[in-house]
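S.K.:
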Amino acid sequence: KFQKSQNQSFKTMAPLSKIATILISLSLVSPIKSQLITCTTGNSCNCPTDSSQSGQPCILNCETDNSCNGQTLSCRPNDPCLIQCYATSSCATANILAENSTDVTISCTG
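Using the numbering used here, the letters of the sequence shown map in sequence onto residues 114 to 223.
Shown next as structure tokens:
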């Protein structure tokens with residue numbers, strides 16, 4: 114009986130140690146700050162250039178149908194920029210100004 118009890122205890126401890134390892138790993142990952150701009154139909158969409166946002170990625174979010182269609186989307190110089198086009202024709206014929214950004218990603222799922 115003593116040996117069986119020890120094995121049962123060991124089996125319960127294994128999942129707990131895995132959970133502890135996962136929690137410790139998650140706590141070591143630092144959150145990435147970014148600036149999210151939701152673009153609307155009929156307006157240019159820009160990453161603000163004020164110095165308080167400098168060094169952070171800027172996300173231009175075109176999430177509704179035609180929200181950025183035919184609009185000018187401007188990324189911030191010297192920072193990464195992500196343009197997300199989630200809806201039907203949300204970024205069709207958009208003019209993207211990002212020549213001075215450090216990295217540009219365009220994600221089109223609509």
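Backbone N, C-alpha and C define an ideal beta-carbon position, used for all residues, glycine too.
Tell me the DSSP secondary structure of residue 166 in three-state form.
M.R.: helix
S.K.: By the DSSP assignment, the beta strand (DSSP E) with residue 197 in it spans what residues?
M.R.: Element bounds for residue 197: 193-198.
S.K.: Using the Cα positions of residue 186 and residue 179, report the straight-line distance between them to the nearest angstrom.
M.R.: 13 Å
S.K.: Give the straight-line distance between the Cα atoms of residue 188 and residue 153, rounded to the nearest whole angstrom.
M.R.: 16 Å
S.K.: Identify the continuous beta strand (DSSP E) that holds residue 206 and give its terminal residues.
M.R.: Counting along the chain, residue 206 falls outside any beta strand (DSSP E), and DSSP gives it neither H nor E.
S.K.: How close, in whole Å, do the beta carbons of residue 184 and residue 211 come, if the pair is a contact with beta carbons under 8 Å?
M.R.: In fact, because the Cβ distance is near 14 Å, the residues do not count as touching under 8 Å.
S.K.: Beta carbon of residue 160, beta carbon of residue 171: below 8 Å?
M.R.: Contact flag set, yes.
S.K.: Bridge partners for residue 221 per DSSP, in chain order?
M.R.: 198
S.K.: Quick one: grab the DSSP three-state call for residue 182.
M.R.: coil
S.K.: Would you kindly check if the distance between the Cβ of residue 192 and the Cβ of residue 164 is under 8 Å?
M.R.: no
S.K.: Taking only the alpha-carbon atoms, compute the straight-line gap between residue 218 and residue 203 and give it to the nearest angstrom.
M.R.: 16 Å
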